[in-house]
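The structure appears right after this line, and notes come after that.
Number of protein chains: 2
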Amino acid sequence: MAQKFITRAEDYSKWYNELVNRADLAEHSDVRGCMVIKPYGYAIWEKMRDILDAKFKETGHQNAYFPLFIPKSYLSKEASHVDGFAKECAVVTHYRLKNAEDGSGLIVDPSAKLEEELIVRPTSETIIWNSYKKWIQSYRDLPILINQWANVVRWEMRTRLFLRTTEFLWQEGHTAHATSKEAISEAEQMLDVYEDFAQNYMSMPVIKGRKTESERFAGAEDTLCIEAMMQDGKALQAGTSHFLGQNFAKAFEVKFTDKEGKLEYVWATSWGVSTRLMGALIMTHSDDEGLVLPPALAPIQVVAIPIYRTEEELTSISEKMKGLALKLKSKNISFKFDDDDQRRPGWKFSEYESKGVPIRLAMGPRDLENGKIEIARRDTKAKEIIDFDGLDSYIEKLLSEIQLNLFQRASEFRSLNTKKIDSYAEFKIEIEKGGFFLAHWDGTAETEAKIKEETQATIRCIALDQEEEEGLCMFSGKPSVGRVIFAKAY
Amino acid sequence: MAQKFITRAEDYSKWYNELVNRADLAEHSDVRGCMVIKPYGYAIWEKMRDILDAKFKETGHQNAYFPLFIPKSYLSKEASHVDGFAKECAVVTHYRLKNAEDGSGLIVDPSAKLEEELIVRPTSETIIWNSYKKWIQSYRDLPILINQWANVVRWEMRTRLFLRTTEFLWQEGHTAHATSKEAISEAEQMLDVYEDFAQNYMSMPVIKGRKTESERFAGAEDTLCIEAMMQDGKALQAGTSHFLGQNFAKAFEVKFTDKEGKLEYVWATSWGVSTRLMGALIMTHSDDEGLVLPPALAPIQVVAIPIYRTEEELTSISEKMKGLALKLKSKNISFKFDDDDQRRPGWKFSEYESKGVPIRLAMGPRDLENGKIEIARRDTKAKEIIDFDGLDSYIEKLLSEIQLNLFQRASEFRSLNTKKIDSYAEFKIEIEKGGFFLAHWDGTAETEAKIKEETQATIRCIALDQEEEEGLCMFSGKPSVGRVIFAKAY
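Chains as they are written, first to last, in my numbering: chain Z, 165 to 654; chain D, 165 to 654.
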């Protein structure tokens, strides 16, 4: 009957690829590294976007839109930025095609060569700060609190749907401030917004932390991040918020007159999350039967499937469902009654299970007679028969319970797979099993690089709530003031 | 005091450019032909997008996302499509930059040349139908009703903000159907959605019509459109909906098995509106003082400005405004109380006038004492003093009235500037004054081309409600069955 899918235990990576496919979320396009986000996947992304967008607006940000193309020379203006972003990128060199004279088809018109090549934006700091230069003269023009929803392109050699694609969708906040203090607290505020979103909407526990110098965003003074643990024990960086200091203001000569009439460089932040969050969502909750979605992000929160033999039975069930639909609508709960007669109930059960619909209802003629209905939750797969009366309130409560349960389950998993470790020999063995490792580190980039080379593990972050604890670096034996988080990462 | 701006009568084109700037809607970027959409302009576009998006979903469409890049060879697959779109476009030829060996800076890495060039999408029919090929096997897979919100690039030599830019934002619907009839009615339905949006939200009267063969979308069997008249009498094509027949299905070999088990090519539509609508909105309603916005699209619908000498007066006015804000919020009316003490009331009056805020309130200490408030509407500039009690209901009614008044005013303007014309000699004189001209045409592309060459006027459309009327083509004297609409156009 049901197709046999690979399990997480058998091959986590294949399980992920199959799941993205069977839940109809996305697929590879014929354009190397670019994905097609299918309607069901896009509907989840839209929910993420709308929730985040409302939070950005609540914190005083406005959306705007800047050009897709960045002149090549802009990338060179900020010295460390260019190293990070000017390498693997899509380069537009011409602006016209023409028919080949030999009739062989379309060719690039050599006479339409651009004087300066354009880069398809890998991130927009440079093009945006080039605009801010015109917008900012005085302290009265500050702060500028802008966000952009956009597509960006980073030429990736090895791609995976949602996790690493050449083109992806994201939001990028770019703010300008009169003081360092204000910019730092903006960067911290946006990290809190990301944490709130991850934990309360994605039901995904995250650690707020700071990147080490070698893991910082190219052009940042400080990179804050939220790190999550996937079911295979690997870390996934789910969002970053950068304090950019005056680096971009200096690169683009953006100065303002302060209240005392002095000319100063502007302070900056940038912060972003991307369609990568879809990958994080999948790998936090889903199981061998398919996608598991937290209710806050489920395009369909409740599906009802009628089980019937006669048209009459279907009509009676449909009547009941119409009433329920209205009640759920008034509670803002999205509901689908699937009475498609081309598909059998068993097929539907498995379909909605694959797609992670949080609650499934099933009603047959006997249920109807008894005023009962079967209700199944996707997260625990628990089923029960309950009274049809009061069902809408029951559903409302259950959705909150599922939302919370997913968070708790993921938190417990993370706790179980987070260990303090002091011996590097032990670390080399343990890291292969996955998980987060709290270890002392001497604070040098050399040690960090060597550990990475030998184990592929990186310092995911220095937690913002890191406990002070004197110790010795597990690698070099040099002194350390607290433990940092090591893990292999996506 | 107030800066002197150019009037519409003096120079309509300059007036438009200045208005886009003073209302803070958009600006040219340093990247040739690409614009920066500033927060206030983007907020209007967001409103347009959200309203349209809800209408697309109500009519059964889902959003998805397809790659930004199109392999060059795809463009050649549909014979007439390639002529329309494969000419002026951004061509990605390389995927890496490197530091020049002579230290002169970043250069394109010649070893990173793509085997096949990628085109930045000018429209997505080809890349989408290449996906649909994989999605469609049977009639059970149909219809596919998908929309995409995206950026597109068409290399334009002469650009104007919103009206014609190299990169612009739009939505493109792409649907697949089992029958010609169903596809045609989809194309018609979406034209109705556009008409509804233009008339009831933008307050912009439009004519629904059909393009002549020479004005059709490259690859379409039939192009439906909505045409609006701008204040200078020129036409603006505000949206198009295409019946694509089986052209793209044939180009990409997309067949399905019908209910009888026969293999058939799939039928298609595509339809779109873009940030060009921002230009249409501006040129339909705005006046010499600035932008005029229909309330349905205004980011701020009501602004209140306090007039005070003492802090105490400001506090009392603020108290009143807090109560009003709550009431308006419950009616879903967006409200801003501008108590910025850095700006004088006169400056604020002119600022919100420039930005087209539909209703402006002003309250001073005497108003407060008398329980009165001044209310000014942006469309007619009428001011009156009314009771503060019941103000929220008054505002609600007034917003509807403004919405309707703008539509009526634009409709009257269009009626006044639409004429039947029978003599080509007269037409050549009249067309220079602007307006729509209803004239007989012999139905040939030759006549159409000659009239365009001699007058720059084009056939905007053959109205769907064209009256049958026998006549003689104004140009050739050959018989005609009804009048078509000629105009100069943006």
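For each residue, glycine too, the CB sits at the ideal point set by N, CA and C.
Query                                                                                                                                                                                            : Result
What does DSSP give as the partner residue(s) for ILE390/D in the beta ladder?                                                                                                                   : LYS372/D, GLY403/D
Note down, in chain order, all residues in the segment 306-317 of chain Z with a beta-carbon under 8 Å from any beta-carbon belonging to chain D.                                                : ILE310, ALA314, ASN315, VAL317
Do ALA432/D and PHE416/D have their C-beta atoms within less than 8 Å of each other?                                                                                                             : no
Just list the alpha helix (DSSP H) runs in the segment 270-305 of chain Z, keeping only unbroken ones of 4 residues or longer that don't cross its boundaries, in chain order.                   : 289-299
Going by C-alpha to C-alpha distance, which of VAL256/D, MET368/D, TYR259/D, ILE292/D sits closest to THR339/D?                                                                                  : ILE292/D
Out of curiosity, what's the CA-to-CA distance linking ARG172/Z and TRP209/Z?                                                                                                                    : 24 Å
In terms of alpha-carbon separation, which member of PHE332/D, GLY337/D, LYS241/D lies closest to GLU191/D?                                                                                      : PHE332/D
Any contact between the segment 175-195 of chain Z and the segment 518-529 of chain Z? By contact I mean 3 or more CB pairs, one from each, below 8 Å.                                           : yes
Using a Cβ-Cβ cut-off of less than 8 Å, list which residues of the segment 232-244 of chain D approach chain Z; keep chain order.                                                                : LEU232, PHE233, ILE234, PRO235, LYS236, SER237, LEU239, SER240
With contact counted as at least three CB pairs below 8 Å, one residue from each stretch, are the segment 352-371 of chain Z and the segment 569-582 of chain Z in contact?                      : yes
So the candidates are LYS491/D, PHE600/D, VAL370/D, GLU377/D; which of them puts its Cα closest to the Cα of VAL466/D?                                                                           : LYS491/D
Go to ALA243/Z, then tell me how far its alpha helix (DSSP H) extends in each direction, as first and last residue.                                                                              : 243-249
Are the segment 216-225 of chain Z and the segment 214-226 of chain D in contact at 8 Å, needing three or more beta carbon pairs?                                                                : no
For my contact list, TRP334/D and THR421/D are in at a C-beta cut-off of 8 Å; report their separation, rounded to the angstrom.                                                                  : Their Cβ separation, rounded to whole angstroms, is 34 Å, which puts TRP334/D and THR421/D out of contact at 8 Å.
Using beta-carbon positions only, say whether LEU327/Z and TYR654/Z come within less than 8 Å of one another.                                                                                    : yes
Please classify MET638/Z: does DSSP put it in a helix, a strand, or coil?                                                                                                                        : coil
Is any beta-carbon of chain D found at less than 8 Å from that of PHE412/Z?                                                                                                                      : no
Starting from the C-beta of ALA489/Z, find all residues in its chain whose C-beta is less than 6 Å away, skip the five residues before and the five after it, and write them out in chain order. : PHE499
Which of helix, strand or coil does DSSP assign to MET165/Z?                                                                                                                                     : Legend: pLDDT at MET165/Z = 44, less than 50; position of this residue unreliable, value from coordinates given subsequently. Looking at MET165/Z - three-state DSSP - the assignment turns out to be coil, as it is neither helix nor strand.
Would you list the one or two residues that DSSP bridges to GLU633/Z?                                                                                                                            : According to DSSP, which records beta bridges pairwise, GLU633/Z is partnered with nothing at all.
Tell me whether SER405/D is buried or exposed, calling it buried when 16 or more other Cβ atoms sit within 10 Å of its Cβ.                                                                       : buried
In whole angstroms, what separates the C-alpha of ILE215/D from that of GLU350/D?                                                                                                                : 19 Å
Just to confirm before moving on: does the CB-CB distance between ILE585/D and ALA603/D stay below 8 Å?                                                                                          : yes
Compute the distance between the beta-carbons of LEU563/Z and ILE537/Z, then report whether it is under 8 Å.                                                                                     : no
Would you mind telling me which residues of chain D sit closer than 9 Å to PHE194/Z, beta carbon to beta carbon, in chain order?                                                                 : Checking the displayed sequence, the identity of residue 194/Z turns out to be Asp instead of Phe. Ordered by position in chain D, the residues that pass the 9 Å Cβ test against ASP194/Z are PRO231, PRO235, TYR238, ILE291, ASN294, SER295.
In chain order, what residues of the segment 334-351 of chain D put their CB closer than 7 Å to some CB of chain Z?                                                                              : none
Taking the continuous alpha helix (DSSP H) assigned at PHE513/D, which residues delimit it?                                                                                                      : 509-518
Check each candidate in ASN263/D, ASN181/D, PRO235/D and name the one with the smallest Cα separation from GLU279/D.                                                                             : PRO235/D
I want to verify the contact list: residues of chain Z whose CB lies under 9 Å from the CB of LYS536/D, in sequence order.                                                                       : Ordered by position in chain Z, no residue passes the 9 Å Cβ test against LYS536/D, which lies about 33 Å from the chain.
Using the Cα positions of LYS359/Z and PRO463/Z, report the straight-line distance between them to the nearest angstrom.                                                                         : Reading the sequence as shown, one finds Glu at residue 359/Z and not Lys. Roughly 22 Å separates the two Cα atoms.
Which bits of chain D does ILE201/Z rub up against, with CB to CB less than 7 Å?                                                                                                                 : ALA228, TYR229
Let me check understanding here. Comparing Cα to Cα, which of LYS178/D, ILE549/D, PHE220/D lies closest to VAL357/D?                                                                             : PHE220/D
Would you please verify whether the beta carbon of GLN301/Z is less than 8 Å from any beta carbon of chain D?                                                                                    : no
Check the Cβ-Cβ distances between GLU265/Z and every residue of chain D, and say whether any is below 8 Å.                                                                                       : no
Hey, is GLU515/Z's beta-carbon within less than 8 Å of any beta-carbon in chain D?                                                                                                               : no
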